[in-house]
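Undergrad:
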Amino acid sequence: MGTSVFYFVATLTVIFSLMVVFAKNPVHSVLYLIVTFFTLTVHYILLNAQFLAVVNFIVYMGAIMVLFLFVLMLLNLNKDNEPLKSTLVKVVGVVAGCCLVVTIVGSLKATAISDPVVLRNPNLGLVKNLGKELFGPYMLPFELSSILLLTAMVGAVLLTKKEKV
Amino acid sequence: MDIAFVIEKFVLVAIIFGISLLIAMYSTYAERKVAAFLQDRLGPDRAGPFGILQPLADGVKMFMKEEIVPSNSNKWLFMVGPGLAMLTACIGTAVIPWGPDMTIGDRVIPLQVTDINVGVLYIFGVVSLGVYGVMIGGWASNNKYSLLSAIRAASQNISYEIAMGLSIIALLLVTNTMSIGEIVANQHGWHWNVLYQPVGFILFMICSFAETNRAPFDLPECETELIGGYHTEYSSMKLGFYLFAEYINMFVSSAVMASLYFGGYNYPGMDWVLVQAGPVIAPLIGTAVFFAKIFAFIFFFMWVRWTIPRFRYDQLMHLGWKGLIPLAIANVVITSIVIAIIEKF
């Protein structure tokens, strides 16, 4: 049962991710991306990582994508005012894309199929266990990453105030 | 998974869904009656005795109206908008415990659909999704006023979500659990969380007003500036869904406030009642108490609407970012210091 649910959700994830790329309208792209994040949330639940699932739900679906949507709606991009790309740029894009495909296929051929990872503690994703891990053995990296986020925030505020300083 | 479990949950979900819709329906009536009471008028009194059939009349009117889809709008998203608003309004009820466990025969029936151990975060996630209904509807209408209003609504909701999350953190420090079932069970008798977190409760309540777009935070549908707000282009039952979703949101956030801060189904003297009334009737009394608390909150929502004038947009942002968020952070810091001192001695 678990495996079939996984394959169903994984198929949906791939389909919606492709829709993000192929949608003509940028707002539609963002909406498909939201659905993609939702399927990722389901994946986390299948892995018994409840906290990560709900945080992915709140942060990516509820906050970041709202901001994306916000910006796109304000810009109101559509086909009429989209700048036309020259033929040279298109050719370069195609060549770069083909190179990427060759690289990915080459590296996939070289790697062996890995064994499925067996979790030492299947309840690691529950809030209490995750908190103990994060504030116990992984205290330093956790705090450092929070400082990194703070730095980014201060930088963003500073950029908007550039003229006044 | 045995079949009785599935039936039990299905019945519970159906009852809760029905009750949410019924309460939302009669909230529209109550709103007009409360408004009339506060302004010394009579209010709707034509349809049935005391105008009690007014919501039905309104519903029929909504269904009968012509359905207009603007010609340059995005047809599909125009339809998705109100549907999403209704969906996100309804799914929040899943983690709320509506009463203590009921014992019929030797079977214990919890009056809660599911008690996930991240229940508080689930509520928070549903709240943060609520903004999509408004944004998608406003954008798909292809109308400047709708778009402006949708963007206003989004920025308002994002701003107040932060203060709401911080006030929840202070609450979690006190309760030590994220499961709403456990939070309510720990408030047995009169040990309500509002006594330990008064500032947190006030912050949470103000943010709930903002998240449900109720006055004085009803800027997304500020008629004097934005014609009709994000639903300017909507008509018929699609408009009805948007208006209805607001009332369901009000009901759900009242239920959340009652269960997180005001003890849910707990009331002083409940142990005595349990002994007197037995394990089937006593939980029902608890549920009745819970609903009394919810109705008190809904009345409070309406009372505020006719008392406090609408904020200006810059006042709204000032209050959110410079008033509530620093206060919420101070609340978290002070709460954790007090808890650390208590645990030390």
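Protein sequence lines, in the order shown, are assigned to chains A and B.
Position in the first sequence counted from 1, then plus 12, gives you the working numbering.
Position in the second sequence counted from 1, then plus 15, gives you the working numbering.
Built from N, CA and C at the ideal position, the CB exists for glycine as well.
1. Considering only the alpha carbon of each residue, which of B/321, B/24, B/352 and B/335 lies closest to residue 180 of chain B?
2. Give a yes or no on whether 8 Å exceeds the smallest Cβ distance from residue 122 of chain A to chain B.
3. Going along chain A in order, which residues have a C-beta closer than 9 Å to the C-beta of residue 87 of chain B?
4. Hey, out of B/329, B/263 and B/145, whose CA is closest to residue 234 of chain B's CA?
5. Look up residue 117 of chain B in the DSSP assignment and give the residues it is bridged to.
6. Could you please tell me which residues of the stretch 137-157 of chain A, in chain order, have their CB closer than 9 Å to any CB of chain B?
7. Is the shortest distance between the beta-carbon of residue 21 of chain B and the beta-carbons of chain A less than 8 Å?
8. Would you verify that the beta carbon of residue 193 of chain B is, or is not, closer than 8 Å to some beta carbon of chain A?
9. So is residue 249 of chain B in contact with chain A if we call contact Cβ pairs under 8 Å?
10. Looking at chain B, is there any beta carbon in it that lies within less than 8 Å of the beta carbon of residue 49 of chain A?
11. Can you pull the chain A neighbours of residue 182 of chain B, defined as C-beta to C-beta under 9 Å?
12. Have a look at A/134, A/144 and A/114 and flag the residue whose alpha-carbon is nearest the alpha-carbon of residue 122 of chain A.
13. So what's residue 174 of chain B in DSSP terms, helix, strand or just coil?
14. Can a CB atom of chain A be found closer than 8 Å to the CB of residue 140 of chain B?
15. Of the residues B/348, B/22, B/173 and B/155, which one's Cα is nearest the Cα of residue 86 of chain B?
16. Can you check which of these residues, B/151, B/293, B/245 and B/203, is closest to residue 275 of chain B by C-alpha distance?
17. Going by DSSP in three states, residue 137 of chain B sits in which element: helix, strand or coil?
18. Would you mind working out which of B/27, B/113 and B/57 sits nearest residue 266 of chain B, comparing C-alpha positions?
19. Would you decide whether residue 126 of chain A is buried or exposed? Buried here means 16 or more other CB atoms lie within 10 Å of its CB.
20. According to DSSP, is residue 54 of chain B part of a helix, a strand, or is it coil?
21. Fully enclosed by the stretch 276-347 of chain B, which alpha helix (DSSP H) runs are 4 residues long or longer?
22. Does any residue of chain A have a CB that is nearer than 8 Å to the CB of residue 169 of chain B?
23. Any beta-carbon of chain B closer than 8 Å to the one on residue 31 of chain A?
24. Classify residue 166 of chain B: buried if its beta carbon has 16 or more other beta carbons within 10 angstroms, exposed otherwise.
25. Using DSSP with H/G/I as helix, E/B as strand and the rest coil, what is residue 129 of chain A?
26. Which residue comes first and which comes last in the alpha helix (DSSP H) that contains residue 59 of chain A?
27. Once DSSP output is grouped into helix, strand and coil, what is the label at residue 75 of chain A?
28. Name the residue from B/163, B/318 and B/103 whose alpha carbon lies nearest to the alpha carbon of residue 50 of chain B.
29. Starting from residue 207 of chain B and walking both ways along the alpha helix (DSSP H), at which residues does that stretch end?
30. Going by other Cβ atoms of all chains shown within 10 Å of its Cβ, with 16 needed for buried, is residue 19 of chain A buried or exposed?
31. Return yes when the Cβ of residue 169 of chain B is within less than 8 Å of the Cβ of residue 325 of chain B, no when it is not.
32. Quick one: what's got a C-beta closer than 7 Å to residue 80 of chain B's C-beta in the same chain, skipping five residues either side?
33. Check the Cβ-Cβ distances between residue 136 of chain B and every residue of chain A, and say whether any is below 8 Å.
34. What separation, rounded to the nearest whole angstrom, lies between the Cα atoms of residue 91 of chain B and residue 228 of chain B?
35. Quick check: is the beta carbon of residue 131 of chain B nearer than 8 Å to any beta carbon in chain A?
36. Is the stretch 137-153 of chain B touching the stretch 302-311 of chain B, taking contact as three or more C-beta pairs under 8 Å?
TA: Judging by the given coordinates:
1. B/335
2. no
3. Under the 9 Å cutoff, chain A gives no residues; its nearest Cβ is about 11 Å from residue 87 of chain B.
4. B/329
5. B/124
6. So the close ones are 138, 139 and 140.
7. no
8. yes
9. So, not an interface residue.
10. no
11. Within chain A, no residue comes near residue 182 of chain B; the closest Cβ sits about 15 Å away, beyond 9 Å.
12. Cα-wise, what sits closest to residue 122 of chain A is A/114.
13. Of the three classes helix, strand and coil, the one that applies to residue 174 of chain B here is helix, per DSSP.
14. yes
15. B/155
16. B/203
17. helix
18. B/113
19. Sixteen is the threshold: since fewer than 16 other Cβ atoms of the shown chains lie within 10 Å of the Cβ of residue 126 of chain A, the residue is exposed.
20. coil
21. 285-320 and 328-333
22. yes
23. no
24. The residue in question, residue 166 of chain B, is buried, as its Cβ has 16 or more Cβ neighbours within 10 Å.
25. coil
26. Counted as a single uninterrupted DSSP element, the stretch harbouring residue 59 of chain A is not any alpha helix (DSSP H), since DSSP gives it neither H nor E.
27. helix
28. Nearest option by C-alpha distance: B/318.
29. It is not in any alpha helix (DSSP H) - residue 207 of chain B carries neither H nor E in the DSSP assignment.
30. exposed
31. no
32. 250 and 251
33. At a cut-off of 8 Å between beta-carbon atoms, residue 136 of chain B makes contact with chain A.
34. 25 Å
35. yes
36. no
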